[in-house]
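Visitor:
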Amino acid sequence: MVVNWDDVSVVVNGLAENKKIQTTGLLNFDEVEIRQWRKMVPKANHIVLHLDHVEQNVTWESLYPEWINEEQLYATPSCPSIPKLDVPRKPIDLIVVKLPCNGNWTRDVPRLHLQLSAASLAASAKGTRPVHLLLITRCFPLPNLFTCRELVARKGSVWLYKPNLNVLRQKLQLPIGSCELALPFGSKGESGKPEREAYATVLHSAYVYVCGAIAAAQSIRMAGSTRDLVILVDNTISEYHMSGLAAAGWQVRTIERIRNPKAEKDAYNEWNYSKFRLWQLTDYDKIIFIDADLLILRNLDFLFRVPEISATGNNGTLFNSGVMVIEPSNCTFNLLMDHINEFESYNGGDQGYLNEIFTWWHRIPKHMNFLKHFWIGDEAEVKQRKTDLFAAEPPVLYAIHYLGYKPWLCYRDYDCNWNVDILQEFASDAAHGKWWRVHDSMEAELQELCLLKSKQKAQLEWDRRQAAAAKYTDGHWQIEIRDQRQKRCKDRLCDWKGQTTPINFPFGSSAAVGSTPITTFVGSSATMGSAPVTSVIGPTAATTTMVTPFGPNMASAIPVIPSLGPNTGVFTSAPVGHPTVMLPANSVKELVKFTGVGFKIWQQRMLFWLTTLNLARAASAKELWTTLSNKYQAEDAGAKKFVVGKVFDFRMVDSKPVVSQAEELILIFNECTDEGMGVSEAFQVAAIIHVLPPAWDEFRSYLKLKQKEMTLEQLLVRLRIREEGLTREKKVVVAKANVVEHPSKEGSSKGPKPNKDKKKLGPKGGVAKPKFAGKCYNCGITGHRSSECRKKPQKKKQKKEEALCLELDAMDLCAVVTEDKARSLWGRYRNLRSVPSVPAEDSDSQK
């Protein structure tokens, strides 16, 4: 990196204590740059700081492992050691460090090492003498180590900080990365200013999380915390719901939503950058953010003692933003907004973006954000341990993060995730019961906000009947529903259960495939109108999107409200009007493309809309079936045609190795097999021989004679041998072409020599005589005419003919060679051998 000394001069000269700078510490500068510093501040004493390089085996993944042994059952987790800076005895007023900014600079270990070393040197200062840090870098420094509130001046790539040394010393006591816990178990205590600390959450574009937020507030109070509760909502949340949130204890603050510039219009993640508004809560020093689908079981107030960003691990080197400690600051908010178009979120949401900004984060125990998720690879013992943690009384976990169907969207009798095949990994009756115990402690007026809409009741009934048709072994679909909310109505469609008509469901789902009888929920199109169909699966609230049923007979777009949870996709709730939902023209919008996440779920719901909900403008179920059957057949035929086209379009070229090209063609044949089109080995052999490059024409003719009894493996062996032989022959030709003979000079005083008229072409040689490009008619060798040939044609003997036939038989070329065809066949196939070609009369000597 080239230092802009003009910018450095502006920042240094603008420093109020410039006249008092007595000693500067220079880190990561070369000799030329050090001399420049001495010229710029001539009266100061300049100390060149030495710092050893970090070992190459210390990677970002070793500093931020995906998992550590938090419970210390086997061993105590530890972080890799890094070299420390030698602290000079003389106090330093200005610490100057040049930081690299190359490649993946946000996760660069040397860059992190330099920043921590400079901060450690500043924190070692004694007394009240101020210390300044001057960082020279094109990329912004660690925003939670050198906070923007401590930024004194900036000019281009020069950043001048005056850090709070007490706060800096506390930060440096933390582990270097997430390789150790930032807060060991049992380390609790009260912080300094409780009135400047608060719990906060965000609701945008999804009123269905109101009940979850109310229960979260109730659980915080039940855990014993008295900190403020702040909730940020946008204008999609009604006054009725905001009054309920206020009654639950939340301080409701209305915000303007922030759009994700990389999200598609009406996508689930279009407005999730609204979470950045948390950094504008500057009337608080610390904020513990919690998602609205969390339940707090134990007091988390001690987290106010850890710095920004502290969170639980998610996967890889990333943290989970469901519970995190932040420090509000307007300049941090500006930092987030300034780079909103620069960084790419790995998951398209706020969590991915925050992980790119705050790469230096601190791990808190997973019990403080325990996901309700049973991984597919979990053993039975691990699953039982999780179940015991969910059910433990008094609680062991600090917070449960509910994934999949939320508890308030299920009946209280059991976790409704059991009734959906792909959601069973999120099912836990123990965790479900925990949430409902908190619900029962809420006031009756607040419980009214957790009533189910008729559409959600229909969705639950549909899931239950699908589980019954598939006869899930857990048996939850057999449990009788006694939840009183089933009989309570909060909308106009209250008689949904009595308005059902059985139909044959032609497609089925993951629960039941085939013509399994199920139920379609019938309602009045006038009642339903064009109201959004609500869905709330997944841990994070999302915005309204449009989903259009596919197929040629499908008409208008149906608005739904989807949510995406981890490892899940788009969900929608079930019923709309019957027979066909007619939407006004102004409600039809563009289809949101499938995002690549949760295809099975998306496919299930699309089938549900097209059949159970009768959304297609088809005259009958048979017509609908025919239309979709033709569509799927066309899709399958298109895929097969594409793969077959790759086979017929494949061509080999002389510029690439033939064996590798043959292997590419074999891979295409494997794709044909995957599409249900089995290709015989004989066909593959014939196809490879057919597409050999032009230079292999003679060898192709030979292979065609043997292709019927040749396997694919044998063909590849022959191609490889032939290719190696050609390579050796090319090397011999190139070596001989470097030596050319020409006449010697006249007047030589030397005696006669055998080759006196010939001389090697060298620095003093003449012009090379051009070689004859054709073949000799006598011997067939390229480079001379038959008149210049030293091998005169001789009549072959019968034994020579027999010897030639033996060699050709060994190569499977022929069985009988006549005297008049021996020489022509030899010239045609001599290149098939791995030895230089010779005339037929010399074959005995070659043997």
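Counting from 1, one number per residue, gives the positions in the sequence shown under UniProt numbering.
Glycine residues also receive a C-beta, built at the ideal position from the N, C-alpha and C atoms.
1. Go ahead and pull the three-state DSSP assignment for Phe343.
2. Identify whether Arg257 lies in helix, strand or coil by the three-state DSSP scheme.
3. Give the range of the beta strand (DSSP E) segment to which Thr24 is assigned.
4. Kindly list the residues whose CB is nearer than 8 Å to the CB of Ser178, restricted to its own chain and excluding five residues on each side of it in sequence; keep chain order.
5. With 16 as the cutoff for other CB atoms within 10 Å, does Ser721 come out buried or exposed?
6. Which partner residues does Met324 have in the DSSP bridge list?
7. Let me check understanding here. Comparing Cα to Cα, which of Arg227, Gly783, Ser321 and Asn419 lies closest to Gln459?
8. Once the 5 residues before and after Pro163 are set aside, which same chain residues still bring their CB inside 7 Å of it?
9. Is it buried or exposed, Met442, if we count other Cβ atoms within 10 angstroms and call 16 or more buried?
10. For Ser428 and Arg196, what's the separation of their Cα atoms in angstroms?
11. Using DSSP with H/G/I as helix, E/B as strand and the rest coil, what is Lys155?
12. Taking Tyr199 as the reference, which of Arg111, Lys286, Leu27 and His339 has the closest Cα?
13. Give me the Cβ distance between Ile290 and Ala248, rounded to the nearest whole Å; I'm assuming they're in contact under 8 Å.
14. Do Ala118 and Ile95 have their C-beta atoms within less than 7 Å of each other?
15. For the 8 Å Cβ check, are there 3 or more pairs between the stretch 269-281 and the stretch 474-485?
16. According to DSSP, simplified to helix, strand and coil, what is Ala267?
17. Whose C-beta lies closer than 7 Å to the C-beta of Val58 among residues of the same chain, with five residues either side of it excluded?
18. According to DSSP, simplified to helix, strand and coil, what is Val96?
19. Among Ile288, Val653 and Leu726, which one has its Cα closest to the Cα of His690?
20. Give the DSSP bridge partners of Ala399, in chain order.
21. Is Phe370 helix, strand or coil when you go by DSSP?
22. Are the C-beta of Tyr346 and some C-beta of chain B separated by less than 7 Å?
23. Report the CB separation of Asp301 from Ser225 in whole angstroms; it is logged as a contact under 8 Å.
24. CB-CB under 6 Å to His401, same chain, minus the five flanking residues each way: which ones, in chain order?
25. Would Cys450 and Cys211 be called neighbours here (beta carbons separated by less than 7 Å)?
26. Measure how close the beta-carbons of Ile666 and Phe650 come, nearest whole angstrom, since I'm counting them as under 8 Å.
27. Tell me which residues share the same chain as Arg482 and place their Cβ nearer than 7 Å to its Cβ, disregarding the 5 neighbours each side in the sequence.
28. Could you work out which residue in Trp696, Ala695 and Leu712 is closest to Glu663 when comparing CA atoms only?
29. Could you tell me if Val513 is buried or exposed, where buried requires 16 or more neighbouring beta carbons within 10 angstroms of its beta carbon?
30. Among residues of its own chain, excluding the 5 on either side of Asn144, which ones have a beta-carbon nearer than 7 Å to its beta-carbon?
31. Once the 5 residues before and after Leu397 are set aside, which same chain residues still bring their CB inside 7 Å of it?
32. Does the distance from the CB of Leu114 to the CB of Asn4 come in under 7 Å?
33. Compute the beta-carbon to beta-carbon distance between Glu180 and Pro77, rounded to the nearest angstrom, for a pair I have assumed lies under 8 Å.
34. Counting only runs that start and end within the stretch 630-701, where is the alpha helix (DSSP H) found for 4 or more residues in a row?
35. Using only the alpha-carbon positions, how far apart do Leu203 and Arg259 sit?
36. What do you get for Arg385, buried or exposed, if any count of 16 or more other CB atoms within 10 angstroms of its CB means buried?
Guide: Quick look at the numbers:
1. Residue numbering aside, residue 343 sits at position 343 when the sequence shown is read from its first letter. DSSP places Phe343 in coil when its eight states are reduced to three.
2. As a working note, residue 257 is residue 257 in the sequence shown. Three-state DSSP puts Arg257 in coil, outside helix and strand.
3. Counting from 1 along the sequence shown, the entry for residue 24 is found at position 24. Note, Thr24: beta strand (DSSP E), Thr23 to Leu27.
4. Residue 178 sits at position 178 when you count from the first residue of the sequence shown. So the list reads Leu63, Tyr64, Pro65, Ile68, Gly313, Thr317, Phe319, Trp361, His362 and Arg363, once near-sequence residues are dropped.
5. Here residue 721 is taken as the residue at index 721 of the sequence shown, counted from 1. One point to set straight first is that residue 721 is Ile, not Ser, in the sequence displayed. Per the 10 Å Cβ criterion, exposed.
6. By one-based count along the sequence shown, residue 324 stands at place 324. DSSP lists Phe289 and Ala311 as partners of Met324.
7. On the sequence shown, residue 459 is found 459 positions in, with the first residue counted as 1. Out of Arg227, Gly783, Ser321 and Asn419, Asn419 has the C-alpha closest to the C-alpha of Gln459.
8. Taking the first residue of the sequence shown as 1, we reach residue 163 at position 163. Cβ neighbours of Pro163 beyond the five flanking positions: Ala122, Leu133, Phe146 and Glu150.
9. On the sequence shown, position 442 is the one that residue 442 refers to. Label assigned to Met442: buried.
10. Position 428 of the sequence shown, counted from the start, is the residue given in the question as residue 428. Position 196 of the sequence shown, counted from the start, is the residue given in the question as residue 196. Roughly 37 Å between the two C-alpha positions.
11. On the sequence shown, residue 155 is found 155 positions in, with the first residue counted as 1. Strand.
12. Looking up residue 199 in the sequence shown gives position 199. Nearest of Arg111, Lys286, Leu27 and His339 to Tyr199, Cα basis: Lys286.
13. Here residue 290 corresponds to residue number 290 of the sequence shown, with the count starting at 1. Here residue 248 corresponds to residue number 248 of the sequence shown, with the count starting at 1. Not quite, the Cβ-Cβ distance comes to about 14 Å (not below 8 Å), so this is no contact.
14. The count along the sequence shown starts at 1 and reaches residue 118 at position 118. The count along the sequence shown starts at 1 and reaches residue 95 at position 95. A contact, by the Cβ cut-off of 7 Å.
15. With the cut-off at 8 Å, the stretch 269-281 and the stretch 474-485 do not touch.
16. Mapped onto the sequence shown, residue 267 falls at position 267. Note: Ala267 maps to coil in three-state DSSP.
17. Numbered from its first residue, the sequence shown carries residue 58 at position 58. Cβ within range, chain order: Pro80, Ile82 and Val109.
18. By one-based count along the sequence shown, residue 96 stands at place 96. Per DSSP, reduced to three states, the secondary structure at Val96 is strand.
19. As a working note, residue 690 is residue 690 in the sequence shown. Comparing Cα-Cα distances from His690 to each of Ile288, Val653 and Leu726, the minimum goes to Val653.
20. In the sequence shown, residue 399 corresponds to position 399, counting from 1. BP columns for Ala399 point to Ile296.
21. Stepping through the sequence shown from its first residue, residue 370 is reached at position 370. Correct three-state label for Phe370: strand.
22. Chain labels in this structure do not include chain B; a single protein chain is all it has.
23. Numbered from 1 along the sequence shown, position 301 holds the residue referred to as residue 301. Numbered from 1 along the sequence shown, position 225 holds the residue referred to as residue 225. Right, the Cβ-Cβ distance comes to about 5 Å (below 8 Å), so this counts as a contact.
24. Within the sequence shown, numbered from 1, the residue matching residue 401 stands at position 401. Leu294, Gly322, Asn369 and Leu371, listed in sequence order.
25. As a first step, residue 450 is located in the sequence shown; it is residue number 450 there, counting from the start. As a first step, residue 211 is located in the sequence shown; it is residue number 211 there, counting from the start. Cβ atoms of Cys450 and Cys211: closer than 7 Å.
26. Against the sequence shown, residue 666 aligns to sequence position 666. Against the sequence shown, residue 650 aligns to sequence position 650. So it is not a contact: roughly 11 Å between Cβ atoms.
27. In the sequence shown, residue 482 corresponds to position 482, counting from 1. Same-chain partners within the cutoff: Asp413.
28. In the sequence shown, counting from the first residue as 1, residue 663 sits at position 663. Ranking Trp696, Ala695 and Leu712 by Cα distance to Glu663 puts Leu712 first.
29. As a first step, residue 513 must be located in the sequence shown, where it is residue number 513. Confidence in Val513 is poor, its pLDDT being 31 and thus under 50, which makes the residue's placement too unreliable to answer from.
30. Position 144 of the sequence shown, counting from 1, holds the residue named residue 144. Contacts found: Pro307, Glu308, Ile309, Phe358 and Trp360.
31. On the sequence shown, residue 397 is found 397 positions in, with the first residue counted as 1. Leaving aside the five residues that flank Leu397 on each side, the residues in its chain whose CB is nearer than 7 Å to its CB run, in chain order, Leu297, His367, Phe370 and Leu389.
32. One-based indexing of the sequence shown puts residue 114 at position 114. One-based indexing of the sequence shown puts residue 4 at position 4. 7 Å or more divides the Cβ of Leu114 from the Cβ of Asn4.
33. Along the sequence shown, read from residue 1 onward, the residue named residue 180 stands at position 180. Along the sequence shown, read from residue 1 onward, the residue named residue 77 stands at position 77. The pair is a contact, with the Cβ atoms about 5 Å apart (cut-off 8 Å).
34. 658-674 and 681-690
35. Within the sequence shown, the letter at position 203 stands for residue 203. Within the sequence shown, the letter at position 259 stands for residue 259. Straight-line Cα distance between these residues: approximately 14 Å.
36. For the purposes of this step, residue 385 is taken as residue 385 along the sequence shown, with counting starting at 1. Exposed.
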